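S.K.: Heads up, the sequence shown is in the numbering used here, so the first residue is 4 and it goes up one at a time. C-beta atoms are modelled at their ideal positions from N, C-alpha and C, and glycine is treated no differently. Please read all numbers here as calculations on a predicted model, not as lab measurements. So that we are looking at the same thing, I have put the structure below in structure tokens.
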Amino acid sequence: MVSASKAARMAKRADDKKAKKGTEAEAEGEQPATTTEKMKEVEKLTSQMDKHGLSDRVTTGVLSSLPASRDVKITSASLVFHGKVLVTDSTLELNFGRRYGLLGENGCGKSTILKSIAQREYPIPEHVDIYLLNEGAPPSDLGALDWVVREAENQLADMERRAEEILEHDGPESPILEDLYDRMDKMDPSTFHTRASLILTGLGFNKVTIQKKTKDMSGGWRMRVALAKALFVKPSLLLLDDPTAHLDLEACVWLEEYLKKWERTLVLVSHSMDFLNGVCTTMLDMRMQKLLYYGGNYDSYHKTRSEQETNQMKAYTKQQEEITHIKKFIASAGTYANLVRQAKSRQKILDKMEADGFIQPVVPDRVFTFRFADVEKLPPPVLSFDDVSFSYSGEWSDTLYEHLDFGVDMDSRTALVGPNGVGKSTLLKLMTGALSPIGGRVSRHTHLKLGVYSQHSAEQLDLTKSSLEFVRDKFPEKSQDYQYWRQQLGKYGLSGESQTAIMGTLSEGQKSRIVFALLAIESPNMILLDEPTNGLDIPTIDSLADAINAFHGGVVVVSHDFRLLDKIAKDIMVCEHKTVRRWDGSIGLYKKHLRDKMLSAGAV
């Protein structure tokens with residue numbers, strides 16, 4: 004029910020809106036509306052296409068929740084992509100106020116199902132507005148703050164239009180109006196700039212970058228702007244596909260604290276166990292072509308699933324023993340009348356077991372282990388910075404780093420941490436020689452062979468080829484035998500169809516595995532990793548940590564994944580204030596330090 008006062012305010016808003024529309028129509032004619040309609044049609048067609056021009060999703064499902072409910076329940080849900088069954092005969096249930104962590108191995112279809120939900124390929128009621136974060140803000144002449152505020156104004160206008168339509172068609176008794184009107188009241192346009200500034204600041208923008216035009220930003224920063232919009236407009240159903248991929252540790256901590264208080268429905272794909280533990284109230288596991296639900300965060304999911312699988316295996320073993328015993332008795336019954344009667348009775352027990360469905364053994368997750376090749380041990384110093392200063396302009400007036408002195412050797416496991424923009428990736432480029440200092444010297448051992456994995460490494464892949472063709476063509480001197488390359492890719496969890504599929508159809512995590520395979524084949528004796536966990540599932544990240552720990556060469560890593568750093572980092576180096584200093588403590592203490600600093604500053 005909508006109160007009389009609210010209904011009166013709605014009617015006034017409707018009248019004001021109509022007057023405004025009339026004025027705009029006189030001033031601008033019908034062209035803007037026509038252009039908007041065309042743009043919406045283009046956006047609709049574009050959104051149906053995947054990143055590489057591929058669109059082959061087939062979904063089925065029946066809406067079982069009430070059409071006016073904020074909860075969404077789709078039964079008999081299925082999803083097929085490029086002929087591969089990802090989900091069959093499952094229930095997609097998204098209850099209002101829950102924060103879901105969507106789990107599943109690379110290639111199982113997490114991003115695909117998010118796109119299907121966002122495009123309403125499942126019968127989701129129109130009053131449930133959906134926002135999927137899977138691309139950055141478009142390049143424009145607007146600064147980050149102005150773009151977010153404009154999007155919020157557009158959202159408010161759209162909500163007012165929807166309220167008018169509902170009021171006109173269903174009257175003030177419509178249960179949908181209550182939530183819609185509450186959201187409109189809470190938006191409060193007078194605070195748009197202040198609230199948008201707080202969110203953008205939390206995501207790493209400062210007084211200068213917040214005004215920077217989106218067309219002058221990198222893809223990663225435009226993704227942050229789009230994330231700020233998503234958090235600001237508060238859709239009924241927010242879908243976040245790996246939102247931390249472009250964030251530094253500080254912004255990850257801020258986002259975790261912000262999403263802990265999210266009051267609407269959230270579906271989150273993240274490969275950071277730490278982040279899932281902090282944010283989620285329910286885990287949704289895409290496994291064996293089913294959608295399986297577990298209450299609690301990731302740790303609770305892991306404990307519950309382990310207990311369930313232990314009990315299932317006990318029940319399976321017991322039933323198998325019982326079946327074996329019954330079959331032996333039936334086989335030994337012979338022709339004695341009393342034994343034949345007992346054998347028939349026990350056969351009925353077997354028949355009933357079969358009719359009810361035999362207990363199945365647990366199908367374990369596909370866990371693979373890979374190793375980087377053994378390398379020549381180089382004596383120190385292997386890589387050293389001696390009084391190094393750097394500036395992109397070459398001018399001392401705007402240096403990024405000044406007078407750096409530190410080294411990396413074959414036994415180093417160094418993590419570079421610090422806010423975005425301080426130059427962590429720049430430091431890696433100074434190590435490789437891709438950039439040169441304006442003062443001091445970077446010294447490298449004559450036999451040093453560096454291997455580099457960066458966020459953009461997948462761009463080196465020819466997406467029109469299969470991974471099998473690509474690696475064979477890239478290293479023709481090693482082998483032309485497809486079976487040899489099948490084994491090499493198999494070490495990195497890429498097998499079967501994923502080896503012969505065109506790489507453009509693979510998930511980001513699967514592409515990352517190919518890049519790791521290339522890195523290992525090149526046999527470097529020092530590895531520089533810039534955000535290596537992006538797109539990888541949790542078991543793969545564990546495998547990567549094991550491979551790093553077993554590697555005999557040096558490792559320098561930049562990552563926003565606290566758990567990976569906790570498993571591998573011996574030295575934590577904080578990059579800020581134009582220098583690099585050692586953090587005396589664990590990565591867990593560094594995270595606590597960041598959280599305490601935010602809470603004391605009231606930044607969340």
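Would you give the residue range spanned by the beta strand (DSSP E) that C578 belongs to?
M.R.: One-based indexing of the sequence shown puts residue 578 at position 575. First-last of the beta strand (DSSP E) with C578: 574-579.
S.K.: Report yes if the CB atom of S387 is closer than 8 angstroms to the CB atom of S446, and no otherwise.
M.R.: Here residue 387 corresponds to residue number 384 of the sequence shown, with the count starting at 1. Here residue 446 corresponds to residue number 443 of the sequence shown, with the count starting at 1. Going by C-beta atoms, S387 is nearer than 8 angstroms to S446.
S.K.: Return the first residue and the last residue of the beta strand (DSSP E) that S446 is part of.
M.R.: Residue 446 sits at position 443 when you count from the first residue of the sequence shown. Element bounds for S446: 442-447.
S.K.: So what does A418 bridge to, in DSSP terms?
M.R.: As a first step, residue 418 is located in the sequence shown; it is residue number 415 there, counting from the start. Answer is V560, I575.
S.K.: For L597 and E181, what's the separation of their Cα atoms in angstroms?
M.R.: By one-based count along the sequence shown, residue 597 stands at place 594. By one-based count along the sequence shown, residue 181 stands at place 178. Near 39 angstroms, if we compare the C-alpha coordinates of E181 and L597.
S.K.: Grouping DSSP H, G and I as helix and E and B as strand, with all else coil, what is Y593?
M.R.: The residue you call residue 593 lines up with position 590 of the sequence shown. Three-state DSSP puts Y593 in a helix.
S.K.: What does the Cβ neighbour count give for V152, buried or exposed, with the cut at 16 atoms within 10 Å?
M.R.: As a position in the sequence shown, residue 152 is number 149, starting the count at 1. Its Cβ being crowded by 16 or more others within 10 Å, V152 is buried.
S.K.: Does the Cβ-Cβ distance between I352 and I329 come in under 8 angstroms?
M.R.: Here residue 352 refers to the residue found at position 349 when the sequence shown is read from its first residue. Here residue 329 refers to the residue found at position 326 when the sequence shown is read from its first residue. Yes, Cβ-Cβ distance for I352 and I329 is below 8 angstroms.
S.K.: Under DSSP, the alpha helix (DSSP H) around G281 begins and ends at which residues?
M.R.: For this step, residue 281 is matched to residue 278 along the sequence shown. Here the alpha helix (DSSP H) through G281 covers 276-282.
S.K.: Please report how far the alpha carbon of T417 lies from the alpha carbon of M286, in whole angstroms.
M.R.: Within the sequence shown, the letter at position 414 stands for residue 417. Within the sequence shown, the letter at position 283 stands for residue 286. If you take the alpha carbons of T417 and M286, they lie about 33 angstroms apart.
S.K.: What's the call for F565, buried or exposed, on a 16-neighbour Cβ count within 10 Å?
M.R.: The count along the sequence shown starts at 1 and reaches residue 565 at position 562. F565 comes out buried.
S.K.: So who's on the other strand from I530, going by DSSP bridges?
M.R.: Reading the sequence shown from its first residue, position 527 is the one you call residue 530. G454, V558, per the DSSP bridge assignment.
S.K.: Using 10 angstroms around the beta-carbon of K317, count the other beta-carbons present and answer buried if the total reaches 16, otherwise exposed.
M.R.: Taking the first residue of the sequence shown as position 1, residue 317 is located at position 314. Burial call: exposed.
S.K.: Determine the extent of the beta strand (DSSP E) in which E96 is found, giving its start and end residues.
M.R.: Here residue 96 refers to the residue found at position 93 when the sequence shown is read from its first residue. Looking at the DSSP string, the run of the beta strand (DSSP E) that includes E96 is 87-97.
S.K.: When the Cα atoms are used, what is the spatial distance from Y261 to M601?
M.R.: Locating residue 261 in the sequence shown gives position 258, counting from the first residue. Locating residue 601 in the sequence shown gives position 598, counting from the first residue. Y261 and M601: Cα-Cα distance of roughly 11 angstroms.
S.K.: Identify every run of the alpha helix (DSSP H) within the stretch 98-163, keeping only runs that are complete inside it and at least 4 residues long; order them along the chain.
M.R.: As far as the stretch 98-163 is concerned, its whole alpha helix (DSSP H) runs of at least 4 residues are 113-121.
S.K.: Would you report the Cα separation of T212 and F195, rounded to the nearest angstrom?
M.R.: As a first step, residue 212 is located in the sequence shown; it is residue number 209 there, counting from the start. As a first step, residue 195 is located in the sequence shown; it is residue number 192 there, counting from the start. One C-alpha to the other measures close to 18 angstroms.
S.K.: Please work out which residues of its chain come closer than 7 angstroms, Cβ to Cβ, to M226, disregarding the five sequence neighbours upstream and downstream, and give them in chain order.
M.R.: For this step, residue 226 is matched to residue 223 along the sequence shown. Contacts found: G139, H249.
S.K.: Output needed for D569: all residues of its chain with C-beta closer than 8 angstroms, excluding positions within five of it in sequence on either side, in chain order.
M.R.: Against the sequence shown, residue 569 aligns to sequence position 566. Taken in chain order, the residues that qualify are S589, I590, G591.
S.K.: Rounding to the nearest angstrom, what Cα-Cα distance links L279 and N423 in this structure?
M.R.: Counted from its first residue, the sequence shown places residue 279 at position 276. Counted from its first residue, the sequence shown places residue 423 at position 420. Near 22 angstroms, if we compare the C-alpha coordinates of N423 and L279.
S.K.: Just to confirm my understanding: we take V83, look at its own chain, exclude 5 residues before and 5 after, and list those with CB closer than 6 angstroms. What are they?
M.R.: To locate residue 83, count along the sequence shown from 1; it is residue 80. So the qualifying residues of the chain are V61.
S.K.: Would you tell me roughly how many angstroms separate the C-alpha atoms of I202 and A231, rounded to the nearest one?
M.R.: Taking the sequence shown and counting its residues from 1, one reaches residue 202 at position 199. Taking the sequence shown and counting its residues from 1, one reaches residue 231 at position 228. C-alpha separation (whole angstroms): 6 angstroms.
S.K.: Could you say which of G205, L295, M276, S396 lies nearest to E253 if we only look at CA atoms?
M.R.: For the purposes of this step, residue 253 is taken as residue 250 along the sequence shown, with counting starting at 1. Closest option to E253, Cα to Cα, is G205.
S.K.: What do you get for R101, buried or exposed, if any count of 16 or more other CB atoms within 10 angstroms of its CB means buried?
M.R.: Locating residue 101 in the sequence shown gives position 98, where the first residue counts as 1. That one is buried.
S.K.: Can you name, in chain order, every residue of its own chain whose Cβ lies under 7 angstroms from the Cβ of L234, other than the five neighbours on each side?
M.R.: Sequence index remark: in the sequence shown, residue 234 carries index 231 (1-based). Cβ neighbours of L234 beyond the five flanking positions: I202, Y261.
S.K.: Nearest CA to the CA of G426: which residue from S392, G410, M291, S415?
M.R.: Residue numbering aside, residue 426 sits at position 423 when the sequence shown is read from its first letter. Per the Cα distances, S392.
S.K.: Which ranges does the beta strand (DSSP E) cover as unbroken runs of at least 3 residues, wholly within the stretch 353-391, from first to last along the chain?
M.R.: As far as the stretch 353-391 is concerned, it has no whole beta strand (DSSP E) run of at least 3 residues.
S.K.: Based on the DSSP output, what are the partners of R584 in its beta bridges?
M.R.: The residue labelled residue 584 in the question sits at position 581 within the sequence shown. Answer is V577, bridged to R584.
S.K.: Would you check whether the ligand GDP has a heavy atom nearer than 7 angstroms to the C-beta of I352?
M.R.: Among the components modelled here there is no ligand, and therefore nothing to report on the ligand GDP.
S.K.: Identify whether N314 lies in helix, strand or coil by the three-state DSSP scheme.
M.R.: Indexing the sequence shown from 1 puts residue 314 at position 311. Helix, per DSSP.
S.K.: What alpha helix (DSSP H) runs, 4 residues minimum, are completely inside the stretch 233-306?
M.R.: 252-262, 276-282, all fully within the stretch 233-306.
S.K.: For H406, does the three-state DSSP call read helix, strand or coil?
M.R.: Taking the first residue of the sequence shown as position 1, residue 406 is located at position 403. Three-state DSSP puts H406 in a strand.
S.K.: Use the C-beta contact count for Y296: other C-beta atoms within 10 angstroms, 16 or more gives buried, fewer gives exposed.
M.R.: The residue you call residue 296 lines up with position 293 of the sequence shown. Exposed.
S.K.: Starting from G512, trace the alpha helix (DSSP H) both ways and give me its first and last residue.
M.R.: Counted from its first residue, the sequence shown places residue 512 at position 509. G512 -> alpha helix (DSSP H) spans 511-524.
S.K.: Where does A461 sit, in a helix, a strand or coil, going by DSSP?
M.R.: As a first step, residue 461 is located in the sequence shown; it is residue number 458 there, counting from the start. It is helical.
S.K.: Quick one: what does DSSP say R598 is sitting in, helix, strand or coil?
M.R.: If you number the sequence shown from 1, residue 598 lands on position 595. R598 falls in the helix class under three-state DSSP.
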